[in-house]
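First to last, the protein sequences are chains A and B.
In my numbering, each residue's number is its place in the first sequence (first place is 1) plus 6.
In my numbering, each residue's number is its place in the second sequence (first place is 1) plus 126.
We put the CB at the ideal spot given by N, CA and C, even for glycine.
It should be emphasised that the depicted structure is a prediction, and the values quoted were computed from it without experimental measurement.
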Amino acid sequence: MKIINMDHVAASPILPEVADAMIPFLKEKYGNPSSMHSMGEEVTEAIDEAREKVAELINAKPQEIYFTSGGTESNNWALKGGLFANRAKGAHLITSSIEHFSIMHAIKALEKIGVEVTRLPVDKYGFIDPDDVRKAITPATALISVMSANNEIGTIEPIGEIGKIAKEFNIPFHTDAVATVGAIPVDVQNLNVDMMSLASNPFYGPHGVGALYVRKGARISPLLDGGIQEGGYRAGTENVIGIIGMGKAAEIAIREIQNRSNHVRPLRDRLMKEIPLTIEEVGLVGHPTERLPGNASLTVRYVEGESMLLFLDMEGVKIASGSACISRSLKVSHVMLAMGIDAGTAQGSLLFTLGIDNTNEDVDDVIRILPPIVQRLRDMSPLYKKTGRLKAVS
Amino acid sequence: MYNETVMDHFTNPRNVGEIPDADGVGSVGNPACGDIMEFHIKVKDNILEDVKFKTFGCGAAIAVSSMVSELAKGKTLAEAMLITNESVIEALEGLPKKKHHCSNLGADALHRAIEDYQEKQKGETFEKPVDSPEVCSCPVCDMNDPEEAPYCASACARSSK
């Protein structure tokens, strides 16, 4: 059965070139970069090259790139390390109400030790208003953290404008850019950010590796204390294989970034346009155009996400959903709730995240497969009956 | 995540539908929870002659409703009241732990339909209880809507506000 992966936010395929670049480091080049001898040195050189490529991808300097185990670690580090280093300034943090769990839960932990937090609301498209950031700033504000785009809804945030405000008030500004780096052009200079989290798998590198960009001069304390790796800022023997893969993936992303968005955007637009034509009462989540090029987030009324996902899975189509049943915490997507989408509607969430391996035929298949699934579930749903919409969908 | 029996009941659910002149109707859940189950029953000589259900929910919810309807049909009211979430899970040959709460809802909805019938027989109609957060117990730590437990700020009713 043909597998159609439309859940790239969970897992993107690792490019063959990337896998090839990693293999020598699984075989003969297994040295530890911290070693003084040549076995270590050849690995160090390779890591430095990877670092340059990642820096180039976001228009940073190589020494501003610190490799981590992924977006979650980078986010935790930026918040905890950033607040700790700036504690003389104060203990107030401004963030949004639509952050990823690694930001949300790290912030909850920080609240327990006395950090005060302002969580900014979003509008119905999921946009944060930069003016709200300005209004929330106090003399004790030591850090602002707003994500570049949320993968559940797709909306791209006005990071550059928020960055300008942060700069005006001289407050360190971090963004979780895991969803944007490699998908759309990201330039840390234009965005006025001091710290940025990124991860490798979204741009077709391996899982389990990412980076934190820290602008030269920005203050941060290490999250992982120990040896002298990463300039003394992130201890622990490096995930060499992962870093090499990430570097190669970054190199390719620099070349391919425009092609990639040109490839997925029309497929995304087709899903957003054609699904509502074949199924009634389907809502679009997020902004129609100011959104990630590969992200189509929809809600289907009267049915629940996991049951749609299971039927799609049986037909080879892999997607995600923001429904409560699907999430590990059994709570409906806090992001959709923050946008004002009611819980019942949010339960019918379908999240398609496309990649370079998707084709028009894939979209044709989904358009064909989805409506009977929805009708079948609607026929079983007490909610469908209650609104009296019993007419058959053609 | 789901075994063959569960998947069978999910893809071929038994007894889906409604009974227009039902003798009893019971429903549980709310949209915030992500699960709503509604049972219609027809009772003759104290036996569940017909049982139909409609469900809004995940794979487990649909499978549970289907299994409950199958376990209940043809039983006496007393026997049907003894159907518990455990008997449903057993009949389904197991559910992932985080889905056990779905099985609670299935048995509850059926029982409410039976209670509705019994109230109608007595000539009284009680207010149908509205499901509060306490109905949705935490599937991870088995507590009812606890404040502090890690997975719970309630799967059921509280939104982000």
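Taking 8 Å as the threshold (beta carbon to beta carbon), is residue i in contact with chain A?
i, result
"Ala114 (chain B)", "Examination of residue 114 (chain B) is not possible in this model, given that chain B is present from 127 through 287 alone."
"Pro157 (chain B)", "yes"
"Val142 (chain B)", "yes"
"Lys224 (chain B)", "yes"
"Asp134 (chain B)", "no"
Give the residues of chain A in contact with residue i, contact being defined as C-beta atoms less than 9 Å apart.
i, result
"Pro139 (chain B)", "Met386"
"Ser153 (chain B)", "Pro388"
Could you work out which residues of chain B lie near residue i, taking near to mean beta carbons separated by less than 8 Å?
i, result
"Glu376 (chain A)", "Note that residue 376 (chain A) corresponds to Leu in the displayed sequence, not to Glu. Near Leu376 (chain A) there are no residues of chain B at all, since even the closest Cβ is about 16 Å away, more than 8 Å."
"Glu310 (chain A)", "Gly160, Asp161, Phe182, Gly183, Cys184, Ala187"
For residue i and residue j, what's the separation of their Cα atoms in angstroms?
i, j, result
"Ile159 (chain A)", "Thr295 (chain A)", "12 Å"
"Tyr189 (chain B)", "His135 (chain B)", "Checking the sequence, you will find Ala at residue 189 (chain B) rather than Tyr. Taking the straight line from one Cα to the other gives about 5 Å."
"Lys170 (chain B)", "Lys246 (chain B)", "14 Å"
"Ile168 (chain A)", "Arg140 (chain B)", "55 Å"
"Glu273 (chain B)", "Phe165 (chain B)", "The predicted model places Glu273 (chain B) with a pLDDT of 41, which falls under 50 and marks its position as unreliable; any figure quoted below should be read in that light. Straight-line Cα distance between these residues: approximately 31 Å."
"Met127 (chain B)", "Pro222 (chain B)", "7 Å"
"Asp59 (chain A)", "Ala256 (chain A)", "It is Lys, not Asp, that sits at residue 59 (chain A) in the sequence shown. Using only the alpha carbons, I get a separation of about 6 Å."
"Ala302 (chain A)", "Leu376 (chain A)", "14 Å"
"Ile145 (chain B)", "Ala235 (chain B)", "15 Å"
"Met49 (chain A)", "Ala56 (chain A)", "The sequence given here has Val at residue 49 (chain A), not Met. Cα-Cα distance, rounded: 11 Å."
"Asn11 (chain A)", "Val323 (chain A)", "6 Å"
"Pro145 (chain A)", "Ser339 (chain A)", "33 Å"
"Val220 (chain A)", "Gly88 (chain A)", "10 Å"
"Ala142 (chain A)", "Phe133 (chain A)", "16 Å"
"Glu312 (chain A)", "Asp319 (chain A)", "10 Å"
"Asn38 (chain A)", "Gly233 (chain A)", "13 Å"
"Cys262 (chain B)", "Leu204 (chain A)", "Here the model assigns Cys262 (chain B) a pLDDT of 49, short of 50, so the residue's position is not dependable and the matter cannot be decided."
"Glu280 (chain A)", "Ala239 (chain B)", "41 Å"
Can you name the residues that DSSP bridges to residue i?
i, result
"Met163 (chain B)", "B:Val154, B:Thr181"
"Ile162 (chain A)", "A:Ala155"
"Ile10 (chain A)", "A:Val323"
"Ile29 (chain A)", "Answer is none; Ile29 (chain A) lacks a bridge partner."
"Leu389 (chain A)", "Answer is none; Leu389 (chain A) lacks a bridge partner."
"Ile173 (chain B)", "B:Lys170, B:Thr202"
"Val123 (chain A)", "A:Leu99"
"Thr147 (chain A)", "A:His98"
"Val142 (chain B)", "B:Phe179"
Please compile the residues from chain A whose C-beta is within a distance smaller than 7 Å of the C-beta of residue i.
i, result
"Glu164 (chain B)", "Pro388"
8 Å is my cut-off, CB to CB: does residue i come that close to chain B?
i, result
"Gln381 (chain A)", "no"
"Ser329 (chain A)", "yes"
"Gln195 (chain A)", "no"
"Ser313 (chain A)", "yes"
"Leu116 (chain A)", "no"
"Leu204 (chain A)", "no"
"Gln69 (chain A)", "no"
"Leu126 (chain A)", "no"
"Leu316 (chain A)", "yes"
"Val123 (chain A)", "no"
"Gln353 (chain A)", "yes"
"Leu336 (chain A)", "yes"
Just to make sure I have the definition right: I need the residues of chain B whose C-beta is within less than 9 Å of the C-beta of residue i. Which are they?
i, result
"Val288 (chain A)", "Near Val288 (chain A) there are no residues of chain B at all, since even the closest Cβ is about 16 Å away, more than 9 Å."
Which residues in chain B sit within 7 Å of residue i, going by Cβ to Cβ distance?
i, result
"Leu356 (chain A)", "Residues of chain B passing the Cβ test: none, with the nearest at roughly 14 Å."
Inset, instruction - Starting from the N-terminal side, write out each stretch of the alpha helix (DSSP H) that is 4 residues or longer and does not extend beyond the segment 149-230 of chain A. - result: Secondary structure in the segment 149-230 of chain A: the alpha helix (DSSP H) runs of 4 residues or longer, each lying completely within the stretch, are 165-174, 194-197 in chain order.
Legend entry - Whole beta strand (DSSP E) elements within the segment 38-121 of chain A, 3-residue minimum: Runs found: 71-74, 98-102.
Inset, instruction - Run through the segment 277-363 of chain A for me and flag every whole alpha helix (DSSP H) of 4 or more residues, listed as ranges in chain order. - result: List check, alpha helix (DSSP H) in window: 311-320, 340-344, 349-352.
Inset, instruction - Please specify which runs of the beta strand (DSSP E), each continuous and at least 3 residues long, are wholly inside the segment 189-239 of chain B, giving them in chain order. - result: Taking 3 residues as the shortest admissible run, the segment 189-239 of chain B contains no complete beta strand (DSSP E) segment at all.
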